[in-house]
Amino acid sequence: MSVLPLPGIALDQRVSRPPSRGDYLADRAFRALVQGGAWLVLLLLGWILWEIGGKGAVGIRDYGLGFLTSSTWDVGRQQFGILPHIWGTLYSSLLALAIGGFFGVVMAIFLTQDFLPPQLAVVFRTVVELLAAIPSVVYGLWGLFVVVPAMRPVAGWLFEKLGWIPLFGTTLSGPGLAPAAVVLAIMILPTVAAVSQDALRLVPYRVKEAAYGMGTTRWEAILKVMLPTAATGIFGALVLGFGRALGETMALAMLIGNSNQISLSLFSPANTLAALLALNFPEAGKREVEVLMYAALALLAITLLVNIAGEAIMTLASRKAKA
Amino acid sequence: MKRTSVWGLLAVLCLFAAGNPVRAQESLRLTGSGATFPFPLYSAWFKAFSGKHKNLTVDYQGKGSGAGIRDFLNHTVDFAASDAAMTDEEMSKVPGGVQLLPMTGGEIVIGYNLSGNPKNLKLPCDVYAGIFLGKITKWSDPRIKAANPGVALADQDITVVRRADSSGTTFVFTTHLSAISEKWKKGPGAGTTVNWPKSDKFVASPKNDGVSATIKQTPGAIGYLEYAFAKFAKVEMAQLQNKAGQYVSAGGEGGPAALAAVQLPPDLRAWVTDPDGPKAYPITTYTWMLFYKENKDPKKAAALRELVEYCLGEGQKLSPQMGYIPLPPNVVGAVKKASASIQ
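For the protein sequence lines, the chains are G and U, in the order given.
Every number in the numbering used here is 753 more than the matching position in the first sequence, counting from 1.
Every number in the numbering used here is 4 more than the matching position in the second sequence, counting from 1.
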């Protein structure tokens, strides 16, 4: 497009001009930097997989798939199996997701849908985000000293009255699945709340206006218009939260009881993969390192599967919504 | 104000730059890593030792016995420490040889949490073995009641608290249980981690502090941990029945009596699995420092010998007040003699 010379302004004083050599260079450099950064992330992931896979290969060769389905962990007799750990990881994370996800989304609605004056909403948001800054160990201690004693009488009552339901099949002695899941739920709450808030805030204001214009009540607008429109983002928040729950280590190591058993009961001790890795690595011998690396691969695979499943559900849901 | 501080900083930097080459020649740094069980005592020793020797600093990292041995085999430290000593196979991997020196002793206690806080609960051998095997599950069990007449024991579940991480403490405890109970030996056996009975009344916590916190928070709990940790966390400790049939509490004369009952072989590696003697506390152990027999730097070797000398002399006086057992005099002599092989 040719530039028309404007009256009264000399050619070199015009606002627009073709990019200079320096601009080109800066542009290229920035592009290279960004691309490099993106590749670096992929390379890093590849490298981690290579390292863990390489060290775990021996464990995979020697123990095979039986490793994933047996439940004995006996270093002395060299028998290893991680079924209870897989079970505990999924059970505790799903429970935490159910609790933390519900409260996170509810909180996001509360903070974005004009329930509060904006200044107060900022205070609330900051407080929720502060939860993310508390170290894992502190959560663990808090769980041990506050959540467990508070939960014990409730658990005892449930066991007495509803003990025939497998969920309440045991009493809570100390550490166990339920306190671990509650603390885990609080830990993933900030992630779920923050990302859900962003998703809800991204819904254009006119969508809500249109809903009100059609005569919906506030609740109808939130539940039938806002939430479905923001569903993709909220679902992403839940997947992120679930991922965080799967990998959480220290608080769980302190609270879950680290017992290799598979039980439906909420109050019995269990174990998780992340806790197994964290607790056994420092003193592990050669053989143990190999099987621990195998367990780490299993954890990676679970996380990957969860993400893929989340992605797939998302795609399906959005396709249905469009149809 | 600001300017002065900048000048001051510069002056300090100049001093450092000028002083450094001289310091680097004279000062010597010894690094070690390993067992966490004697860590409080070792750090007190090394701090005092470094304070006395101006150009000598000792750094010790409590990573765990297994990690210490690994560092030692990789030659990343000058010495290491381990509760489980070293196996022959591990020792054969060190060119020039390893000198194991027992430095102090410790006791593993059985802590409990019962309503009404009864002190000095008495536990016979077969009873505590039975509890950790998951065979005795109630505090009101007749065998516990029989050993403790006059103590009100409620009909309460026993929750066993064990170590979740692999540890020297577990090794010592399970070695003792294997020595006193045939069933234990055939079942879980001895090791830094073992396959514990499966029950929802067995829970595990990381580290000594995790175990003491869980015991304190769980009514009806019982668990094993190192004496010093139990003492400082104020966990109630049981009196245990020893081989001679006597009930002995930890922290008194029982520890030294147990160590004295064991004859150390020339390589100074011996386990006190089930000591004889009416006064001996049953779950007692030595803990070792590991040294290279051949050090590259003769100055370092001399410093290490000096360190051992200090730990054996003044260091031993610190042991009892920190909850550890001082070495018997004849052992001190033997260790001193053996330390000459650190060259």
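Cβ coordinates follow ideal geometry from the N, Cα and C atoms, glycine included.
Next on the checklist: The beta strand (DSSP E) that contains U:Glu230, what's its start and end?
Outcome noted: Numbered from its first residue, the second sequence carries residue 230 of chain U at position 226. According to the DSSP assignment, U:Glu230 belongs to the beta strand (DSSP E) that extends over Ala225 to Glu230.
Checklist entry - What is the DSSP secondary structure of U:Ala265, reduced to helix, strand or coil? => result For the purposes of this step, residue 265 of chain U is taken as the residue at position 261 of the second sequence. When DSSP states are grouped into helix, strand and coil, U:Ala265 belongs to the coil group.
Item to check | Member of G:Ser845, G:Ile941 and G:Gly829 whose CA lies at the smallest distance from the CA of U:Lys190 | outcome: Locating residue 190 of chain U in the second sequence gives position 186, where the first residue counts as 1. For U:Lys190, the closest of G:Ser845, G:Ile941 and G:Gly829 by C-alpha to C-alpha distance is G:Gly829.
Checklist entry - Distance, Cα to Cα, G:Leu797 vs U:Met293? => result Your numbering for residue 797 of chain G matches position 44 in the first sequence. Your numbering for residue 293 of chain U matches position 289 in the second sequence. Distance from the CA of G:Leu797 to the CA of U:Met293, rounded to the nearest whole angstrom, comes to 39 Å.
Item to check | Per-residue DSSP class, three states only, for U:Met326 | outcome: As a first step, residue 326 of chain U must be located in the second sequence, where it is residue number 322. The answer is helix: DSSP assigns U:Met326 an H, G or I state.
Next on the checklist: Is it buried or exposed, U:Gln325, if we count other Cβ atoms within 10 angstroms and call 16 or more buried?
Outcome noted: For the purposes of this step, residue 325 of chain U is taken as residue 321 along the second sequence, with counting starting at 1. Exposed, because fewer than 16 other Cβ atoms sit within 10 Å of the Cβ of U:Gln325.
Checklist entry - Which same chain residues, not among the five before or five after G:Lys977, have their C-beta less than 8 Å away from its C-beta? => result Start at 1 with the first residue of the first sequence, and residue 977 of chain G comes out as number 224. Cβ within range, chain order: Ala964 and Thr969.
Item to check | Rounded distance between the beta-carbons of U:His180 and U:Thr356, thought under 8 Å | outcome: This structure cannot speak to residue 356 of chain U, because chain U is shown only from 5 to 347.
Checklist entry - Anyone know if the C-beta pair for G:Leu897 and U:Thr218 falls short of 9 Å? => result The count along the first sequence starts at 1 and reaches residue 897 of chain G at position 144. The count along the second sequence starts at 1 and reaches residue 218 of chain U at position 214. Yes.
Next on the checklist: Quick check on G:Trp800 - is its C-beta less than 9 Å from some C-beta in chain U?
Outcome noted: Translated into the one-based positions of the first sequence, residue 800 of chain G becomes position 47. Taking CB atoms only, G:Trp800 has no neighbour in chain U less than 9 Å away.
Checklist entry - Is it the case that the Cβ atoms of U:Ala274 and U:Gln267 are separated by a distance below 9 Å? => result By one-based count along the second sequence, residue 274 of chain U stands at place 270. By one-based count along the second sequence, residue 267 of chain U stands at place 263. The Cβ atoms of U:Ala274 and U:Gln267 lie closer than 9 Å to each other.
Item to check | Any chain U beta carbon closer than 9 Å to G:Thr842 | outcome: Locating residue 842 of chain G in the first sequence gives position 89, where the first residue counts as 1. Chain U contact via Cβ: absent.
Next on the checklist: Suppose you measure from the CA of G:Ala931 to the CA of G:Leu1019; what does that come to, to the nearest Å?
Outcome noted: The residue labelled residue 931 of chain G in the question sits at position 178 within the first sequence. The residue labelled residue 1019 of chain G in the question sits at position 266 within the first sequence. Approximately 5 Å between the Cα atoms of the pair.
Checklist entry - Going along the chain, which residues of its own chain have a beta-carbon closer than 8 Å to the beta-carbon of G:Asn1060, five neighbours each way excluded? => result Taking the first sequence and counting its residues from 1, the one referred to as residue 1060 of chain G is at position 307. For G:Asn1060, same chain residues with a beta-carbon under 8 Å away, outside a window of 5 residues either side, are Val992 and Gly996 in chain order.
Next on the checklist: What does the alpha-carbon distance come out to for the pair U:Ala342 and G:Leu1045?
Outcome noted: In the second sequence, residue 342 of chain U corresponds to position 338, counting from 1. In the first sequence, residue 1045 of chain G corresponds to position 292, counting from 1. When rounded, the distance between both Cα atoms is 39 Å.
Item to check | Collapsed DSSP secondary structure at U:Pro333 in the structure displayed | outcome: Here residue 333 of chain U refers to the residue found at position 329 when the second sequence is read from its first residue. When DSSP states are grouped into helix, strand and coil, U:Pro333 belongs to the helix group.
Next on the checklist: I'd like to check one pair, U:Leu60 with U:Glu313: are the Cβ atoms closer than 9 Å?
Outcome noted: Counting from one through the second sequence, the residue named residue 313 of chain U turns up at place 309. Counting from one through the second sequence, the residue named residue 60 of chain U turns up at place 56. Inclusion of U:Glu313 and U:Leu60 in the CB contact set at 9 Å is not warranted, their separation being larger than that value.
Checklist entry - Should the stretch 27–46 of chain U be called in touch with the stretch 77–85 of chain U, which here means at least 3 C-beta pairs below 8 Å? => result Cβ pair count under 8 Å is three or more, so yes.
Checklist entry - Given a limit of 9 Å on CB to CB distance, which residues of the stretch 897–914 of chain G reach chain U? => result Those would be Leu897, Phe898, Val901, Pro902 and Arg905, in chain order.
Checklist entry - Which residues in the same chain have their Cβ closer than 7 Å to the Cβ of U:Glu94, if we skip the five residues on either side of it in sequence? => result Your numbering for residue 94 of chain U matches position 90 in the second sequence. Take U:Glu94, set aside five residues on each side of it, and the residues of its chain with a beta-carbon closer than 7 Å to its own are Ile73 and Leu77, in chain order.
Item to check | Where G:Glu1001 meets chain U, residues with beta-carbon distance less than 8 Å | outcome: Against the first sequence, residue 1001 of chain G aligns to sequence position 248. The contacting residues do not exist; G:Glu1001 stays about 14 Å from chain U at best.
Next on the checklist: I'd like the list of long-range same chain contacts for U:Gly281, defined as Cβ closer than 6 Å, with 5 residues on each side in sequence excluded.
Outcome noted: Residue numbering aside, residue 281 of chain U sits at position 277 when the second sequence is read from its first letter. For U:Gly281, where only same-chain residues beyond five positions count, the Cβ hits under 6 Å are Ala261 and Ala265.
Checklist entry - Which of helix, strand or coil does DSSP assign to U:Gly38? => result Here residue 38 of chain U corresponds to residue number 34 of the second sequence, with the count starting at 1. DSSP places U:Gly38 in strand when its eight states are reduced to three.
Item to check | Test item: CB-CB of U:Trp143 and U:Gly224 under 9 Å | outcome: The residue given as residue 143 of chain U occupies position 139 in the second sequence. The residue given as residue 224 of chain U occupies position 220 in the second sequence. Yes, Cβ-Cβ distance for U:Trp143 and U:Gly224 is below 9 Å.
Item to check | Touching by the beta-carbon criterion (3+ pairs, under 8 Å), the stretch 207–215 of chain U and the stretch 164–175 of chain U | outcome: Flag = yes, the stretch 207–215 of chain U and the stretch 164–175 of chain U touch.
Next on the checklist: With a threshold of 9 Å between beta-carbons, can U:Gly55 be considered close to chain G, or not?
Outcome noted: On the second sequence, position 51 is the one that residue 55 of chain U refers to. It does not; no Cβ of chain G falls within 9 Å.
Item to check | Candidates G:Ile1009, G:Arg1040, G:Leu793 and G:Tyr844: closest to G:Pro928 by CA position | outcome: On the first sequence, residue 928 of chain G is found 175 positions in, with the first residue counted as 1. Checked all of G:Ile1009, G:Arg1040, G:Leu793 and G:Tyr844; the closest Cα to G:Pro928 is G:Ile1009.
Next on the checklist: Could you check whether the Cβ of U:Lys67 sits closer than 9 Å to any Cβ belonging to chain G?
Outcome noted: For the purposes of this step, residue 67 of chain U is taken as the residue at position 63 of the second sequence. True, the Cβ-Cβ gap to chain G drops below 9 Å.
Checklist entry - Should G:Asp827 be flagged as near chain U, meaning a C-beta pair shorter than 9 Å? => result One-based indexing of the first sequence puts residue 827 of chain G at position 74. G:Asp827 counts as touching chain U.
Checklist entry - Looking at U:Asp75 and G:Pro1022, is the spacing between their C-beta atoms short of 9 Å? => result Residue numbering aside, residue 1022 of chain G sits at position 269 when the first sequence is read from its first letter. Residue numbering aside, residue 75 of chain U sits at position 71 when the second sequence is read from its first letter. Contact: no.
Next on the checklist: What residue range does the beta strand (DSSP E) around U:Pro106 cover?
Outcome noted: Counting from 1 along the second sequence, the entry for residue 106 of chain U is found at position 102. Note, U:Pro106: beta strand (DSSP E), Val102 to Tyr116.
Item to check | Rounded C-alpha distance that separates G:Tyr816 from U:Gly101 | outcome: Here residue 816 of chain G corresponds to residue number 63 of the first sequence, with the count starting at 1. Here residue 101 of chain U corresponds to residue number 97 of the second sequence, with the count starting at 1. Annotation: G:Tyr816 to U:Gly101 spans about 35 Å, alpha carbon to alpha carbon.
Next on the checklist: Using beta carbons (cut-off 9 Å, strictly below), is U:Ala22 in contact with chain G?
Outcome noted: Locating residue 22 of chain U in the second sequence gives position 18, where the first residue counts as 1. Any reading at U:Ala22 must be qualified, since the residue scores a pLDDT of 45, below 50, and its modelled position is unreliable; no value is offered.
Checklist entry - Terminal residues of the continuous beta strand (DSSP E) containing G:Gln1129? => result This structure cannot speak to residue 1129 of chain G, because chain G is shown only from 754 to 1076.
Next on the checklist: Which residues of the stretch 913–931 of chain G have a Cβ closer than 8 Å to any Cβ of chain U? Give them in chain order.
Outcome noted: In summary, the residues of the stretch 913–931 of chain G whose CB is separated from some CB of chain U by less than 8 Å are Thr923, Thr924, Ser926, Gly927, Pro928 and Gly929, in the order they occur in the chain.
Checklist entry - Using 9 Å as the limit for Cβ to Cβ distance, is U:Lys190 near chain G? => result Numbered from 1 along the second sequence, position 186 holds the residue referred to as residue 190 of chain U. No - not a single Cβ of chain G is within 9 Å of the one on U:Lys190.
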